[in-house]
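Asker: Which chain is which? The protein sequence lines are A and B, in order.
The first sequence begins at 1 in our numbering and counts up one residue at a time.
The second sequence begins at 280 in our numbering and counts up one residue at a time.
Glycine included, every Cβ here is placed at the ideal spot set by N, Cα and C.
Bear in mind that the values here come from a model prediction, so they are computed numbers and not experimental data.
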Amino acid sequence: MGRFHRHADGTVHSHDDHSHGDHSHADHSHADHSHADHSHEHEHNHRDVGDHSGYATGVERVEVLEAILGENDRVAAANRAELAAHGVRTVNLMSSPGAGKTSLLRRTIPALANRLRVGILEGDIATSIDADALTDLGAAVSLVNTADGFGGECHLDAVMVRSGLTRLPLADLDLLVIENVGNLVCPAEFDVGQDARAMVYAITEGEEKPLKYPVMFRTADVVVVNKIDLLPHLDFDLDAFRANLAAVNPTATVIELSARTGDGLDPWLDWLTSVATGH
Amino acid sequence: MHELSICSAIAQTAMDHAGGRTVRRVRLRVGHFRQVVPDTLTYCWDLQTRGGPLDGCVLDVDHVPAVVVCRPCGASTPLAHPILVCGACQSREVELVSGEEFLIESIDVAEEVS
């Protein structure tokens with residue numbers, strides 16, 4: 001396998017691995033590890049000493065080739081399997097803070113009451129404000145505060161969701177919506193076991209956001225364009241936003257609505273229903 | 280800012296593969312489109328490992344460029360920004376062939392002296 005290095009001058013090259021698997025420990029000295037075949041101008045950690053001559057013993061390279069978030073991905077797969085075993089389909093709902101995830105859910109839960117049994121897993125760094133706003137609407141709500149034992153993380157990961165699942169009556173649900181921590185960066189990196197990803201984008205955020213937060217916008221199956229009732233009051237260019245979104249995610253479904261007025265809600269309800277019923 | 284939790288995951292995986300031996304170096308492959316700042320990652324790595332069994336272990340972050348290959352014309356285009364378009368014919372019918380890597384590639388462990 002070739003390995004890529006970025007040099008200080010910005011150039012990138014690849015070279016073969018130094019495989020140590022095919023010779024014995026006795027036949028390679030420290031000099032084998034001096035990396036004589038390439039210069040050491042990489043962007044290395046400041047403690048990188050370049051060769052290993054300072055080591056008291058030799059070193060052996062051990063191939064790992066594991067996903068950095070492999071453990072998270074294993075727990076996410078377990079979450080997915082458990083949810084599937086209970087017949088629950090799951091949406092990971094993400095957005096920046098204040099885009100309207102909770103307001104949208106306050107509209108969504110009563111509107112789906114005749115179609116689906118909905119549960120909410122509410123992720124916040126701290127407080128039960130959002131979870132409180134969703135109780136009494138007919139949905140089972142499980143709160144995960146990432147400040148309580150999860151280091152105040154800026155996202156939900158699969159382990160946090162696993163903890164939240166234990167407090168939900170999964171056998172009595174058709175659809176679980178995981179309201180992630182408000183953040184356009186980190187939640188996109190963590191699989192939590194969802195079947196689909198949706199994000200809420202508010203037109204007050206500016207047209208350029210898909211280009212600034214491309215990973216988040218690329219991961220979304222659906223982008224809800226919220227606060228559309230404010231369009232007459234803003235200099236927002238909806239066509240420019242759609243073009244920016246298409247540049248990073250040409251296949252995303254776009255649903256324009258107002259969580260405040262309820263206008264445009266039906267396509268969103270239909271999409272959730274299609275996720276929950278699998279067609 | 281999820282670099283600390285990423286470093287925690289890296290440390291666990293490195294120790295799992297070290298079999299009790301001292302880990303000298305951990306090599307990562309991180310694609311251009313992953314939202315990780317290499318300098319922040321190495322900073323958090325120092326915080327994560329200081330005073331523990333991985334103290335002094337070097338984190339190498341190999342940057343993998345983002346490259347798309349065009350289906351109509353076959354050209355390869357390195358991308359600085361995640362706008363998936365062919366640099367040769369401007370087609371959007373492109374496949375991302377690298378740039379999303381997020382791997383622990385290998386570790387260097389101290390050998391026992393016999």
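#1: When we look at the beta-carbon of Asp148/A and count the other beta-carbons within 10 Å, is it buried (16 or more) or exposed?
#2: Give the residues from the region 71 to 96 of chain A that approach chain B closer than 9 Å (Cβ to any Cβ), ordered along the chain.
#3: Consider the Cβ of Pro332/B: report whether some Cβ of chain A lies at a distance smaller than 8 Å.
#4: Go ahead and pull the three-state DSSP assignment for Asn79/A.
#5: Among Val224/A, Arg61/A, Leu65/A, Ala76/A, which has the Cα closest to the Cα of Glu189/A?
#6: So is Glu374/B in contact with chain A if we call contact Cβ pairs under 8 Å?
#7: Secondary structure at Tyr322/B, three-state DSSP: helix, strand or coil?
#8: I'd like to check one pair, Asp341/B with Arg306/B: are the Cβ atoms closer than 8 Å?
#9: For Gly264/A and Arg61/A, what's the separation of their Cα atoms in angstroms?
#10: Check whether chain B comes within 8 Å of Ile68/A, counting only Cβ atoms and requiring the distance to be less than that.
#11: On the DSSP bridge list, what partners appear for Val224/A?
#12: Any beta carbon from chain A within less than 8 Å of Ser385/B's own beta carbon?
#13: Since Leu358/B meets chain E, which of its residues come closer than 7 Å, beta carbon to beta carbon?
#14: Within 10 angstroms of its Cβ, does Arg107/A collect 16 or more other Cβ (buried), or is it exposed?
#15: Roughly how many angstroms lie between the CA atoms of Leu320/B and Ser355/B, to the nearest whole one?
#16: Give a yes or no on whether the C-beta atoms belonging to Pro187/A and Val248/A are separated by under 8 Å.
#17: Against chain A, does Val388/B count as a neighbour if the rule is that its beta carbon must be under 8 Å from one of theirs?
#18: Looking only at its chain, what residues have a beta carbon closer than 7 Å to the beta carbon of Ala297/B, apart from the 5 residues adjacent to it on each side?
#19: Three or more C-beta pairs closer than 8 Å, one from the region 146 to 162 of chain A and one from the region 174 to 185 of chain A: is that the case here?
#20: So is Asp174/A buried or exposed if we call it buried at 16+ other beta carbons inside 10 Å?
#21: If you follow the alpha helix (DSSP H) that Cys286/B is in, where does it begin and where does it stop?
#22: Suppose you measure from the CA of Ala359/B to the CA of Asp191/A; what does that come to, to the nearest Å?
#23: Hey, how far is the Cα of Val161/A from the Cα of Leu93/A?
#24: For Val343/B, I'd like the list of residues in its chain whose CB is within less than 6 Å of its CB, leaving aside the five on either flank, ordered along the chain.
#25: Can you confirm whether Ala288/B, when its beta carbon is compared against all beta carbons of chain A, has any partner nearer than 8 Å?
#26: With 8 Å as the limit, tell me which residues of the region 207 to 225 of chain A have their beta carbon closer than that to any beta carbon of chain B; keep them in chain order.
#27: Identify every residue that forms a DSSP beta bridge with Asp124/A.
#28: Looking at chain A, is there any beta carbon in it that lies within less than 8 Å of the beta carbon of Pro361/B?
#29: Report yes if the CB atom of Leu272/A is closer than 8 Å to the CB atom of Leu112/A, and no otherwise.
#30: What is the DSSP secondary structure of Pro97/A, reduced to helix, strand or coil?
#31: Is it buried or exposed for Ile129/A, if we count other Cβ within 10 angstroms and need 16 for buried?
#32: With a threshold of 6 Å on Cβ separation, who are the neighbours of Ala78/A within its own chain once the five nearest residues in sequence on each side are excluded?
#33: According to the Cβ coordinates, are Gly278/A and Arg115/A closer than 8 Å?
#34: Three or more C-beta pairs closer than 8 Å, one from the region 198 to 208 of chain A and one from the region 223 to 239 of chain A: is that the case here?
#35: Note down the Cα distance separating Thr204/A from Val64/A, rounded to an integer number of angstroms.
#36: Taking only beta-carbon positions, decide if Gln314/B is within less than 8 Å of chain A.
Answerer: Considering the structure as presented:
#1: Here residue 148/A refers to the residue found at position 148 of the first sequence. By the neighbour-count rule (16 or more Cβ atoms within 10 Å), Asp148/A is not buried but exposed.
#2: Of all residues in the region 71 to 96 of chain A, Glu71, Asn72 have a Cβ within less than 9 Å of some Cβ in chain B.
#3: By one-based count along the second sequence, residue 332/B stands at place 53. No, Pro332/B lies away from the interface with chain A (no Cβ there is under 8 Å from its Cβ).
#4: Counting from 1 along the first sequence, the entry for residue 79/A is found at position 79. Here Asn79/A sits in helix by DSSP.
#5: Working through the first sequence from its first residue, we reach residue 189/A at position 189. Nearest C-alpha to Glu189/A: Ala76/A.
#6: Your numbering for residue 374/B matches position 95 in the second sequence. Chain A contact via Cβ: absent.
#7: Along the second sequence, read from residue 1 onward, the residue named residue 322/B stands at position 43. Tyr322/B: helix per DSSP, three-state reduction.
#8: Residue numbering aside, residue 306/B sits at position 27 when the second sequence is read from its first letter. Residue numbering aside, residue 341/B sits at position 62 when the second sequence is read from its first letter. Yes, they are a contact pair.
#9: Sequence index remark: in the first sequence, residue 264/A carries index 264 (1-based). Sequence index remark: in the first sequence, residue 61/A carries index 61 (1-based). When rounded, the distance between both Cα atoms is 57 Å.
#10: Start at 1 with the first residue of the first sequence, and residue 68/A comes out as number 68. Using a Cβ-Cβ cut-off of 8 Å, Ile68/A counts as an interface residue toward chain B, since at least one Cβ of chain B sits closer than that to its own.
#11: Here residue 224/A is taken as the residue at index 224 of the first sequence, counted from 1. As DSSP reads the structure, Val224/A sits in a beta bridge with Val200/A, Ile255/A.
#12: On the second sequence, residue 385/B is found 106 positions in, with the first residue counted as 1. Cβ-Cβ to chain A under 8 Å: yes for Ser385/B.
#13: As a matter of chain content, chain E is missing from the structure shown, whose protein chains are A and B.
#14: Counting from one through the first sequence, the residue named residue 107/A turns up at place 107. Counting Cβ neighbours within 10 Å, Arg107/A comes out buried, since at least 16 surround it.
#15: As a position in the second sequence, residue 320/B is number 41, starting the count at 1. As a position in the second sequence, residue 355/B is number 76, starting the count at 1. Approximately 29 Å between the Cα atoms of the pair.
#16: The sequence position of residue 187/A within the first sequence is 187, counting from 1. The sequence position of residue 248/A within the first sequence is 248, counting from 1. Going by C-beta atoms, Pro187/A is not nearer than 8 Å to Val248/A.
#17: By 1-based counting over the second sequence, the position of residue 388/B is 109. Residue-level contact check: Val388/B touches chain A, since one or more beta carbons of chain A fall below 8 Å from its beta carbon.
#18: Along the second sequence, one-based indexing puts residue 297/B at 18. Cβ-Cβ distances below 7 Å link Ala297/B to Ile386, Val388 in the same chain, with the five nearest sequence neighbours on each side left out; the list follows chain order.
#19: As far as the Cβ criterion goes, the region 146 to 162 of chain A touches the region 174 to 185 of chain A, which means the pair count is three or higher.
#20: Position 174 of the first sequence, counted from the start, is the residue given in the question as residue 174/A. Buried, because 16 or more other Cβ atoms sit within 10 Å of the Cβ of Asp174/A.
#21: Position 7 of the second sequence holds residue 286/B. Counting along the chain, the alpha helix (DSSP H) containing Cys286/B begins and ends at 282 to 297.
#22: As a working note, residue 359/B is residue 80 in the second sequence. As a working note, residue 191/A is residue 191 in the first sequence. Cα to Cα, the separation comes out at about 25 Å.
#23: Position 161 of the first sequence holds residue 161/A. Position 93 of the first sequence holds residue 93/A. Answer to the nearest angstrom: the Cα atoms are 13 Å apart.
#24: In the second sequence, residue 343/B corresponds to position 64, counting from 1. Cβ within range, chain order: Arg308, Gly310, Ser377, Glu380.
#25: As a first step, residue 288/B is located in the second sequence; it is residue number 9 there, counting from the start. At a cut-off of 8 Å, the C-beta of Ala288/B has a neighbouring C-beta in chain A.
#26: Within the region 207 to 225 of chain A, the qualifying residues are Leu211, Pro214, Val215, Arg218.
#27: The residue labelled residue 124/A in the question sits at position 124 within the first sequence. Looking at the DSSP assignment, Asp124/A forms a beta bridge with Asn145/A.
#28: Within the second sequence, the letter at position 82 stands for residue 361/B. True, the Cβ-Cβ gap to chain A drops below 8 Å.
#29: Taking the first residue of the first sequence as position 1, residue 272/A is located at position 272. Taking the first residue of the first sequence as position 1, residue 112/A is located at position 112. Cβ atoms of Leu272/A and Leu112/A: closer than 8 Å.
#30: If you number the first sequence from 1, residue 97/A lands on position 97. Coil at Pro97/A, not helix or strand.
#31: By 1-based counting over the first sequence, the position of residue 129/A is 129. Ile129/A should be labelled exposed.
#32: On the first sequence, residue 78/A is found 78 positions in, with the first residue counted as 1. None.
#33: Along the first sequence, read from residue 1 onward, the residue named residue 278/A stands at position 278. Along the first sequence, read from residue 1 onward, the residue named residue 115/A stands at position 115. No. Outside cutoff.
#34: Enough Cβ pairs lie closer than 8 Å, so yes.
#35: Here the question's residue 204/A lines up with position 204 in the first sequence. Here the question's residue 64/A lines up with position 64 in the first sequence. Looking at the two C-alpha atoms, the distance is approximately 45 Å.
#36: Stepping through the second sequence from its first residue, residue 314/B is reached at position 35. With 8 Å as the cut-off, Gln314/B counts as an interface residue toward chain A.
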